[in-house]
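Residue numbers (the UniProt record's numbering): 1 to 132.
For glycine and all other residues, C-beta sits at the position ideal for the given N, C-alpha and C.
These numbers come from a predicted model, not from an experiment.
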Amino acid sequence: MARKRRDAPGAAQARPDGLNADRAGDLPWAADGDGLRIVARVTPRGGRDALDGVGRDAEGRPALALRVSAPPDGGRANAAVEALVAGLLDLPRSAVRVERGATARVKRLRAEGPPEALAARLAEAVARAAKP
């Protein structure tokens, strides 16, 4: 059986903007009604609040790689994640909330606003995080 070459058509290629995805389904965000649904893998007590780019969760699905300095006690890490994502998207903190995974590292967030504009802002933030 022939092995697929990495540069063959259809093979995932690393992009300079930090989004290693060939299809929109390979991004950790998607339009959802009047907002954006975002999947993130969070590292609490990460030393600083930052977006580290796009990574993969344990099942290999794409997820934003986020770190927050807050510990996971009493929802403080979730609040820090909401504030971080709101800042990346230039939204008020009240427009971002954790929908699933409140006690897990992999979380699903929802950001309220125009999905196309939010997706563009998030792509820009990921591109900035990917630059050395």
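For residue i, write down the residues that DSSP places opposite it in a beta bridge.
i	result
G33	Answer is none; G33 lacks a bridge partner.
Where residue i and residue j are concerned, what is the direct C-alpha to C-alpha distance, given to the nearest angstrom?
i	j	result
V126	W29	12 Å
R76	L27	27 Å
R41	A102	12 Å
G35	G113	5 Å
R128	G74	31 Å
residue 151	P44	Not covered by the structure: residue 151. The range shown for the chain is 1 to 132.
D32	L88	18 Å
A104	V98	11 Å
A8	R93	Reliability of the predicted coordinates at A8 is poor, the pLDDT of 39 falling under 50, and no value is obtained from them.
R61	D90	26 Å
R37	A65	15 Å
Going along the chain, which residues of its own chain have a beta-carbon closer than 7 Å to the beta-carbon of residue i, five neighbours each way excluded?
i	result
G46	R67, V68 and S69
G95	The question names Gly, yet the displayed sequence has Ala at residue 95. Closer than 7 Å at Cβ, skipping near neighbours: A86, A111, E112 and G113.
For residue i, collect the residues of the same chain with a Cβ closer than 8 Å to its Cβ; drop the 5 residues on either side in sequence, then sort them by chain order.
i	result
A63	P28, V39, A40, R41, V54, G55, R56, D57 and V106
Does the beta carbon of residue i come closer than 7 Å to any beta carbon on chain B?
i	result
A70	No chain B is part of this structure, which consists of one protein chain only.
Below 6 Å CB to CB, which residues in the same chain sit around residue i once its five sequence neighbours on both sides are set aside?
i	result
R48	S69
R100	R108
Counting only runs of 4+ residues fully inside the segment 39 to 112, write out the alpha helix (DSSP H) ranges in chain order.
76 to 89
Taking 8 Å as the cut-off, does the segment 73 to 83 touch the segment 50 to 58 (at least 3 CB pairs, one atom from each stretch)?
no
Could you tell me whether the segment 118 to 130 touches the segment 69 to 78, using the rule of 3 or more Cβ pairs below 8 Å?
no
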